[in-house]
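A.B. asks:
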Amino acid sequence: MHAETSGVELLEAVKTVVKSPGVPRDSEVVSAALAHGLTVTGELEIAWRSLPNVVWAVTGTNGKTTTVELVAAILRAAGEPAVAAGNVGTPLAALVGQVDAAAPLVVEASSFQIEDALAFAPERAVLVNLGVDHIDRHGSVDAYHRAKLRLFANQTADALAVAPVGIAVPGDARRVAFGPAGSGAELEFSDAGLFYKGDLVVERAAIALRGRHNLENAAAATVAALAAGVPLKAVRAALAEFRGVPHRLEEVGCVGGVLYVNDSKATNVASTERALESFAGGIHLIAGGRPKGGGFRSLRTLVGERCRCVYTIGEAAEEIARDLNGAVAVEVCGTLERAVALASERAAAGEVVLLSPACASFDQFRDFEERGERFRALVAALRSR
Numbered sequence: 012m013h014a015e016t017s018g019v020e021l022l023e024a025v026k027t028v029v030k031s032p033g034v035p036r037d038s039e040v041v042s043a044a045l046a047h048g049l050t051v052t053g054e055l056e057i058a059w060r061s062l063p064n065v066v067w068a069v070t071g072t073n074g075k076t077t078t079v080e081l082v083a084a085i086l087r088a089a090g091e092p093a094v095a096a097g098n099v100g101t102p103l104a105a106l107v108g109q110v111d112a113a114a115p116l117v118v119e120a121s122s123f124q125i126e127d128a129l130a131f132a133p134e135r136a137v138l139v140n141l142g143v144d145h146i147d148r149h150g151s152v153d154a155y156h157r158a159k160l161r162l163f164a165n166q167t168a169d170a171l172a173v174a175p176v177g178i179a180v181p182g183d184a185r186r187v188a189f190g191p192a193g194s195g196a197e198l199e200f201s202d203a204g205l206f207y208k209g210d211l212v213v214e215r216a217a218i219a220l221r222g223r224h225n226l227e228n229a230a231a232a233t234v235a236a237l238a239a240g241v242p243l244k245a246v247r248a249a250l251a252e253f254r255g256v257p258h259r260l261e262e263v264g265c266v267g268g269v270l271y272v273n274d275s276k277a278t279n280v281a282s283t284e285r286a287l288e289s290f291a292g293g294i295h296l297i298a299g300g301r302p303k304g305g306g307f308r309s310l311r312t313l314v315g316e317r318c319r320c321v322y323t324i325g326e327a328a329e330e331i332a333r334d335l336n337g338a339v340a341v342e343v344c345g346t347l348e349r350a351v352a353l354a355s356e357r358a359a360a361g362e363v364v365l366l367s368p369a370c371a372s373f374d375q376f377r378d379f380e381e382r383g384e385r386f387r388a389l390v391a392a393l394r395s396r
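The opening residue of the sequence shown carries number 12 in this note's numbering; numbering runs sequentially from there.
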């Protein structure tokens, strides 16, 4: 690590620059490195080159972590010692020399990581969905989508590519798709369940994950597993047992008949829309943080239909209040503590207090995990009163 300098003066002494995903490609040192003809890549690429394992790489605008953990759970149910890594928590590089070569690696890959890939070619690549996010980093929706789809670019004919029906992916891998009933995809999903090539895989009631968006995540994981030859029995067992990951529609407690749900990982508007769709109504929504651009007006219909009130926090508090004005009652709270206190006073038995911010966390918290943990602590304090 080299601190207190841009690093440009060091480029004469190096041949390859391995950059953190958080460093933009248009930063001074990266631009200078490329101008010098140096190779610029990232940790994902370097680690992949050093690992002999079969890699299942998962990307998407939303649902990546849930899908990664579900794929890993399916593989473990099939008796394979799968390890989840990448953007999900453990860096892929941390596994070099530390994991058995026979262990499948299920890797969450962000657009920031994929855009730095050069030869990265996972044996299995999964795109969960493709929406709008990180425009502040990539500059446009098209550039963001191109970064995501690079995941498939180097795959060869013996690899597997999984994507939502209707999305064309690059590369030479065998392609399978998933989509809603009637889409013609290899795996179709509906409120009835998951169907692979017309045959029932599992009924919706037998899938432990809550919410329609998690049905999409389950569909992506299931079709990837079945197309790769994982036994149906293992898929069904994992779907019945896997209940999700922290900070993603995590039910953290029930106080006075009110359900408190931690969806702190909802760092964009699309994620919050999916969270709102997971409940029939009676929602007290806590939203806000550092906005990513694009506004919040697209939430108006859903909050009008399903929310009792929206409590806004962070840098986006006033913007959210303006965008939702007239669609629903809004309270500008500023802090998470104030929002939870006010929501807990107003919510009635049978209703839901939902933290689903639609924003990044960095204005008030270290990361979305810290934000979610603070919410958990506030709910625990309510229970102890």
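Positions of the beta carbon are idealized from the N, C-alpha and C atoms, including for glycine. The structure presented is a predicted model; accordingly, all values stated were derived computationally and were not measured.
Measure the Cβ-Cβ separation of residue 103 and residue 118 and say whether it is below 8 Å.
C.D. replies: yes
A.B. asks: Are the CB atoms of residue 106 and residue 94 nearer to each other than 8 Å?
C.D. replies: yes
A.B. asks: Taking the CB atoms as reference points, tell me whether residue 140 and residue 181 lie closer together than 8 Å.
C.D. replies: no
A.B. asks: Given a cut-off of 8 Å, decide if residue 314 and residue 339 are closer than it, judged by their beta-carbon atoms.
C.D. replies: yes
A.B. asks: Roughly how far, in whole angstroms, is the beta-carbon of residue 362 from the beta-carbon of residue 396, given that I think they are within contact range, below 8 Å?
C.D. replies: About 18 Å separates the beta carbons of residue 362 and residue 396, which is beyond the 8 Å limit, so they are not a contact pair.
A.B. asks: Could you please give the first and the last residue of the uninterrupted beta strand (DSSP E) stretch that includes residue 52?
C.D. replies: 50-53
A.B. asks: As a quick exercise: from 134, 220, 159 and 211, pick the residue whose alpha carbon is nearest that of residue 166.
C.D. replies: 134
A.B. asks: What residues in its chain sit with their C-beta under 7 Å from that of residue 392, if we drop five residues either side in the sequence?
C.D. replies: none
A.B. asks: With a 10 Å radius around its C-beta and 16 neighbouring C-beta atoms as the bar for buried, classify residue 8 as buried or exposed.
C.D. replies: This structure cannot speak to residue 8, because the chain is shown only from 12 to 396.
A.B. asks: Could you tell me the distance, in whole angstroms, from the CA atom of residue 399 to the CA atom of residue 331?
C.D. replies: No information on residue 399 is available, as it lies outside the stretch 12 to 396 that the chain covers here.
A.B. asks: Count the other C-beta atoms from every protein chain shown that fall within 10 angstroms of the C-beta of residue 230, then say buried if there are 16 or more, exposed otherwise.
C.D. replies: Counting every other CB atom within 10 Å of its CB across the protein chains shown gives residue 230 a total of 16 or more, marking it as buried.
A.B. asks: Would you please state the rounded distance, in angstroms, between the beta carbons of residue 189 and residue 219? I believe it to be under 8 Å.
C.D. replies: Between residue 219 and residue 189 the Cβ distance is about 19 Å, and since that is not below 8 Å, they are no contact.
A.B. asks: Can you tell me the Cα-Cα spacing of residue 201 and residue 251, whole angstroms?
C.D. replies: 17 Å
A.B. asks: In this structure, how does DSSP classify residue 326 when only helix, strand and coil are distinguished?
C.D. replies: coil
A.B. asks: Look at residue 70 and residue 138 and say whether their C-beta atoms are less than 8 Å apart.
C.D. replies: yes
A.B. asks: Out of 193, 276, 46 and 222, which one is the CA nearest neighbour of residue 259?
C.D. replies: 276
A.B. asks: So, at 6 Å on beta carbons, what are the nonlocal neighbours of residue 132 in its own chain, with the 5 sequence-adjacent residues on each side left out?
C.D. replies: 165 and 166
A.B. asks: What are the uninterrupted segments assigned as beta strand (DSSP E) that are 3 or more residues long and contained completely in the segment 101-157, given in chain order?
C.D. replies: 116-119 and 135-138
A.B. asks: Exposed or buried, residue 328, counting other C-beta atoms within 10 Å across all chains shown (16 or more means buried)?
C.D. replies: buried
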